[in-house]
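Heads up: the sequence shown begins at 1 in the UniProt record's numbering, then just goes up one per residue.
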Amino acid sequence: MDKNVVDKNTSLKFFITKVVVCMVLFLSGSIGLCWGVETKNTLLSVPDLAAELLDTVVNISTTQTVDGTEQDEHISVPVIPKDSLLQEYFSDFFTPKDGQKDSQFQKVRSLGSGFVIDTQKGLIVTNYHVIVDADDIEVNFTDGTKLKAKLLGKDSKTDLALLQVEAGRKKLKAVRFGDSEKARIGDWVMAIGNPYGFGGSVTVGIISARNRDLNAGPYDNFIQTDAAINRGNSGGPLFDRNGEVIGINTAIVSPSGGSIGIGFAIPSDMALSVINQLRDLGEIRRGWLAIRIQPVTEDIAKSLKIDSTMGALVAGKIEQSGVDNSQLQIGDVILSFGKARIKHARDLPRLVAESPEGKVVDVTVLRNGRERTVKVKLGRLIETETNEDTEEKFNDEKNDAVSKSVTMQFMGMTLSELTADLRHHYSIIDKLWGLVVTSVAQNSVADKKRIRAGEVIVDINQSAVTKIDEAKKRIHKLREAGRKNALFIVARPDGELRVVTLPMD
Numbered sequence: 001m002d003k004n005v006v007d008k009n010t011s012l013k014f015f016i017t018k019v020v021v022c023m024v025l026f027l028s029g030s031i032g033l034c035w036g037v038e039t040k041n042t043l044l045s046v047p048d049l050a051a052e053l054l055d056t057v058v059n060i061s062t063t064q065t066v067d068g069t070e071q072d073e074h075i076s077v078p079v080i081p082k083d084s085l086l087q088e089y090f091s092d093f094f095t096p097k098d099g100q101k102d103s104q105f106q107k108v109r110s111l112g113s114g115f116v117i118d119t120q121k122g123l124i125v126t127n128y129h130v131i132v133d134a135d136d137i138e139v140n141f142t143d144g145t146k147l148k149a150k151l152l153g154k155d156s157k158t159d160l161a162l163l164q165v166e167a168g169r170k171k172l173k174a175v176r177f178g179d180s181e182k183a184r185i186g187d188w189v190m191a192i193g194n195p196y197g198f199g200g201s202v203t204v205g206i207i208s209a210r211n212r213d214l215n216a217g218p219y220d221n222f223i224q225t226d227a228a229i230n231r232g233n234s235g236g237p238l239f240d241r242n243g244e245v246i247g248i249n250t251a252i253v254s255p256s257g258g259s260i261g262i263g264f265a266i267p268s269d270m271a272l273s274v275i276n277q278l279r280d281l282g283e284i285r286r287g288w289l290a291i292r293i294q295p296v297t298e299d300i301a302k303s304l305k306i307d308s309t310m311g312a313l314v315a316g317k318i319e320q321s322g323v324d325n326s327q328l329q330i331g332d333v334i335l336s337f338g339k340a341r342i343k344h345a346r347d348l349p350r351l352v353a354e355s356p357e358g359k360v361v362d363v364t365v366l367r368n369g370r371e372r373t374v375k376v377k378l379g380r381l382i383e384t385e386t387n388e389d390t391e392e393k394f395n396d397e398k399n400d401a402v403s404k405s406v407t408m409q410f411m412g413m414t415l416s417e418l419t420a421d422l423r424h425h426y427s428i429i430d431k432l433w434g435l436v437v438t439s440v441a442q443n444s445v446a447d448k449k450r451i452r453a454g455e456v457i458v459d460i461n462q463s464a465v466t467k468i469d470e471a472k473k474r475i476h477k478l479r480e481a482g483r484k485n486a487l488f489i490v491a492r493p494d495g496e497l498r499v500v501t502l503p504m505d
């Protein structure tokens, strides 16, 4: 073969090899796996960054007294292969001590993570569910130091807790907080924690999504990450490439109990508001708008003749709340609160809660097809533990009270004008007026919308109704206009309101 051809082939192969190597190095460096991340304008490798942050993270061990007869229902023991080197460790950790097994009450230990935020005061942040009902809390540091901790404050609604330790001569190292609002999908992140008791475990990944709602609480707004998070990571920090905390690892989705790359963290911006109040006040003070809201469904959007399902529908107002919300009306769709747009109904409670009591806020609403801005003055939300709502069920049998009233049939329900006898029969509060539902046919449209006997129809498509003739005329007019659905405001006997869409056909 011609020597020149060989040289050319060799040169070509060498050139291609260089291109491939450069591409691999470029891609590796771009995601921060092989090269480094920027912190304080200095490029650090991932190992250097981990070494810098490990001392800020702690392992949290709690003990709790439980009923021994119910222990198996509450404790999840990791599955370890027989003859594994870890079998002895986990058996010692999860098996009750001698003499406890036969007793009714036993001491059970749980694991979690946390991180130092204040070296002078010895303040440590973790998840509320890590320390809930704990009799004792112990904090373990990377150098082996163990300190008892006391609970300074907690907030179950955001799943956050603030602990304090007396460090003495122990030198603490605190984290720095970043801006979670600036975090973007695809950004590199690092999680450090105590999975299954293996303290100081470091995993890396990216932000997979933002603003996740897990129905875990009223203010859900989680960061989703594929960095490996397991049981025991709860309460640990999620760092960005600058080594700053942008999230607090809280939950995972997993059919097996281990990481499958779907983990969730509380954004640092939300957490800081709660942490600062727990530190300064020992409690949480949230703003309150004193309204009940619903999502804007497609049916509701069609009924209001709007193209979007963005916003929060005002379904009711809470009287005697001390909040000046007089400018808001039932049936309004709240589009913005202050400068923040309301994309989903769940956004509004979080924004209101993060605002201080007494603040006057501009609220943009959609009312009768037009946008307008009104002012509201927030009150303070009084935190109470409430039980789940229970439906009052009434006897649907026709009695004298029902038979004496004027009635009509609509979508499987019988509506009657509200008389004194009906008010007494269904225990309807005095200030509530409208058409009372006296019966609902099984599997009817009204039944499927969860309308029940004893409830009161107070408004049809943003017009109050108290007479059967008014309701018939209103429904007839809507049908003539070609409306397929209409909004009905339904009140429980105690006055609690909600909005229901019903078809006109």
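Just so it is clear, CB atoms sit at the ideal spot from N, CA and C, and this is done for glycine as well. Small disclaimer: the values here were computed from a predicted structure and weren't measured.
Original post:
With 16 other CB atoms within 10 Å as the buried threshold, where does N59 fall?
Top reply: The count along the sequence shown starts at 1 and reaches residue 59 at position 59. Burial call: buried.
Original post:
Quick one: is I260 buried, meaning 16 or more other Cβ sit within 10 Å of its Cβ, or exposed?
Top reply: Residue 260 sits at position 260 when you count from the first residue of the sequence shown. It counts as exposed.
Original post:
Out of D469, A491 and D505, which has the shortest C-alpha to C-alpha gap to A481?
Top reply: Translated into positions along the sequence shown, residue 481 becomes position 481. In terms of Cα proximity to A481, the closest of D469, A491 and D505 is D505.
Original post:
Buried or exposed: S313, going by 16 or more other Cβ atoms within 10 Å of its Cβ?
Top reply: In the sequence shown, residue 313 corresponds to position 313, counting from 1. According to the sequence displayed, residue 313 carries Leu and not Ser. Classification for L313: buried.
Original post:
According to DSSP, is S268 helix, strand or coil?
Top reply: Counted from its first residue, the sequence shown places residue 268 at position 268. Correct three-state label for S268: helix.
Original post:
Using a Cβ-Cβ cut-off of 8 Å (strictly less than) and excluding sequence neighbours within five positions of Q294, which residues of its own chain qualify?
Top reply: The residue given as residue 294 occupies position 294 in the sequence shown. So the qualifying residues of the chain are I300, A312, L313, A315, A345, R498 and V499.
Original post:
Would a C-beta distance cut-off of 8 Å place D447 and A453 closer than the cut-off?
Top reply: Along the sequence shown, read from residue 1 onward, the residue named residue 447 stands at position 447. Along the sequence shown, read from residue 1 onward, the residue named residue 453 stands at position 453. Result no, Cβ atoms of D447 and A453 do not sit closer than 8 Å.
Subject >> V465 - DSSP class collapsed to helix/strand/coil >> reply: As a first step, residue 465 is located in the sequence shown; it is residue number 465 there, counting from the start. Correct three-state label for V465: coil.
**OP:** Measure the C-alpha to C-alpha separation of I266 and Q224 and round it to an integer number of angstroms.
**Re:** One-based indexing of the sequence shown puts residue 266 at position 266. One-based indexing of the sequence shown puts residue 224 at position 224. In this structure, the alpha-carbon of I266 lies about 9 Å from that of Q224.
Original post:
Can you name, in chain order, every residue of its own chain whose Cβ lies under 6 Å from the Cβ of K343, other than the five neighbours on each side?
Top reply: Walking along the sequence shown from the start, residue 343 turns up at place 343. Excluding positions up to five away in sequence, the list reads M310.
Original post:
What does a CB cutoff of less than 7 Å around G186 pick up in its chain, not counting 5 residues either side in sequence?
Top reply: On the sequence shown, residue 186 is found 186 positions in, with the first residue counted as 1. Within the same chain, G186 has close Cβ partners I206 and I207.
Subject >> Where P195 sits in the DSSP three-state scheme >> reply: To locate residue 195, count along the sequence shown from 1; it is residue 195. Note: P195 maps to helix in three-state DSSP.
Original post:
If you check the beta carbons only, do G379 and W288 fall under 8 Å apart?
Top reply: For the purposes of this step, residue 379 is identified with residue 379 of the sequence shown, where counting begins at 1. For the purposes of this step, residue 288 is identified with residue 288 of the sequence shown, where counting begins at 1. Taking the C-beta atoms as reference points, W288 is found nearer than 8 Å to G379.
**OP:** Only counting runs of 4 or more residues, tell me where the alpha helix (DSSP H) segments fall wholly within the UniProt domain "PDZ" (399-493), in order along the chain.
**Re:** For the UniProt domain "PDZ" (399-493), whole alpha helix (DSSP H) runs of length 4 or above, ordered along the chain, are 400-403, 420-426, 445-448 and 468-480.
Original post:
Who pairs with L49 in a beta bridge, going by DSSP?
Top reply: Along the sequence shown, one-based indexing puts residue 49 at 49. The partner list for L49 (beta bridge, DSSP) is empty, contrary to what the question assumes.
Subject >> Unbroken beta strand (DSSP E) run spanning R210, endpoints >> reply: Numbered from its first residue, the sequence shown carries residue 210 at position 210. In the DSSP assignment, R210 falls within the unbroken beta strand (DSSP E) covering S201 to R212.
Subject >> Three-state secondary structure (DSSP) of L33 >> reply: For this step, residue 33 is matched to residue 33 along the sequence shown. Note that L33 scores 42 on pLDDT, short of 50, meaning its location in the model is unreliable; the coordinates nonetheless yield the value given after this. In the structure shown, L33 sits in coil (DSSP, three-state: anything other than H, G, I, E or B).
Original post:
Do L151 and I131 have their C-beta atoms within less than 8 Å of each other?
Top reply: For the purposes of this step, residue 151 is taken as residue 151 along the sequence shown, with counting starting at 1. For the purposes of this step, residue 131 is taken as residue 131 along the sequence shown, with counting starting at 1. A contact, by the Cβ cut-off of 8 Å.
Original post:
Which word fits P349, buried or exposed, when buried means at least 16 other C-beta atoms lie within 10 angstroms of its C-beta?
Top reply: For the purposes of this step, residue 349 is taken as the residue at position 349 of the sequence shown. P349 should be labelled buried.
**OP:** Have a look at K431, D430, I457 and A167 and flag the residue whose alpha-carbon is nearest the alpha-carbon of T438.
**Re:** Residue 438 sits at position 438 when you count from the first residue of the sequence shown. Here the closest residue by C-alpha is I457.
**OP:** Inspect the beta-carbon positions of residue 507 and Q164 and report whether they are closer than 8 Å.
**Re:** The displayed coordinates of the chain run from 1 to 505. Any statement about residue 507 would go beyond what the structure contains.
Subject >> Same chain, Cβ closer than 7 Å to F177, neighbours up to 5 away in sequence not counted >> reply: By one-based count along the sequence shown, residue 177 stands at place 177. Result list for F177: E244, V245, S268 and L272, in chain order.
Original post:
What are the start and end residues of each continuous beta strand (DSSP E) run of 3 or more residues lying completely inside the stretch 205-254, in chain order?
Top reply: Complete beta strand (DSSP E) runs here, min 3: 222-225, 237-239 and 245-252.
Original post:
What's the gap between the Cα of L44 and the Cα of G197?
Top reply: Locating residue 44 in the sequence shown gives position 44, counting from the first residue. Locating residue 197 in the sequence shown gives position 197, counting from the first residue. One C-alpha to the other measures close to 28 Å.
Original post:
How would you call I382, buried or exposed, if buried means at least 16 neighbouring beta carbons within 10 angstroms?
Top reply: Residue 382 sits at position 382 when you count from the first residue of the sequence shown. Answer is exposed; the Cβ neighbour count stays below 16.
Original post:
How close, in whole Å, do the beta carbons of V189 and A134 come, if the pair is a contact with beta carbons under 8 Å?
Top reply: Position 189 of the sequence shown, counting from 1, holds the residue named residue 189. Position 134 of the sequence shown, counting from 1, holds the residue named residue 134. Not confirmed; about 29 Å, so no contact.
**OP:** Find out if the Cβ-Cβ distance for the pair P237, I192 is shorter than 8 Å.
**Re:** Start at 1 with the first residue of the sequence shown, and residue 237 comes out as number 237. Start at 1 with the first residue of the sequence shown, and residue 192 comes out as number 192. In contact: P237 and I192 (Cβ atoms closer than 8 Å).
Original post:
What does R350 pair with, by DSSP beta-bridge criteria?
Top reply: Your numbering for residue 350 matches position 350 in the sequence shown. Looking at the DSSP output, R350 bridges to nothing.
Original post:
In the structure shown, what three-state DSSP assignment does I275 receive?
Top reply: Taking the sequence shown and counting its residues from 1, the one referred to as residue 275 is at position 275. Correct three-state label for I275: helix.
Subject >> Extent of the continuous beta strand (DSSP E) to which I291 belongs >> reply: For the purposes of this step, residue 291 is identified with residue 291 of the sequence shown, where counting begins at 1. Where I291 is concerned, the enclosing beta strand (DSSP E) stretches over I291 to P295.
**OP:** Return the chain-ordered list of same chain residues with a C-beta closer than 8 Å to the C-beta of D159, the five sequence neighbours on each side being excluded.
**Re:** Within the sequence shown, residue 159 is the residue found at index 159, counting from 1. Residues N127, Y128, H129, A216, G217, T250 and I266 of the same chain have their beta carbon placed closer than 8 Å to that of D159, with the five preceding and five following residues left out of the count.
Subject >> Contacts around G434, its chain only, beta-carbon distance under 8 Å, and the 5 residues preceding and following it disregarded >> reply: Translated into the one-based positions of the sequence shown, residue 434 becomes position 434. Only L418, V456, I457, V458, D459, A464, V465, T466 and A491 meet the Cβ criterion.
Subject >> Ranges of the alpha helix (DSSP H) found wholly within the stretch 127-157, counting only runs of at least 4 >> reply: Complete alpha helix (DSSP H) runs here, min 4: 128-131.
**OP:** Would you tell me roughly how many angstroms separate the C-alpha atoms of D118 and K173, rounded to the nearest one?
**Re:** Within the sequence shown, residue 118 is the residue found at index 118, counting from 1. Within the sequence shown, residue 173 is the residue found at index 173, counting from 1. Cα to Cα, D118 sits roughly 8 Å from K173.
Original post:
Tell me which same chain residues have a C-beta within less than 7 Å of the C-beta of S355, skipping the five on either side of it?
Top reply: Against the sequence shown, residue 355 aligns to sequence position 355. When the five nearest sequence neighbours on each side are left out, the beta carbons in the same chain lying within less than 7 Å of the beta carbon of S355 are those of G287, V361 and L378, in order along the chain.
**OP:** Apply the 10 Å Cβ neighbour rule to V175 and answer buried if 16 or more other Cβ atoms are within range, or exposed otherwise.
**Re:** On the sequence shown, position 175 is the one that residue 175 refers to. With 16 or more neighbouring CB atoms inside 10 Å of its own CB, V175 falls in the buried class.
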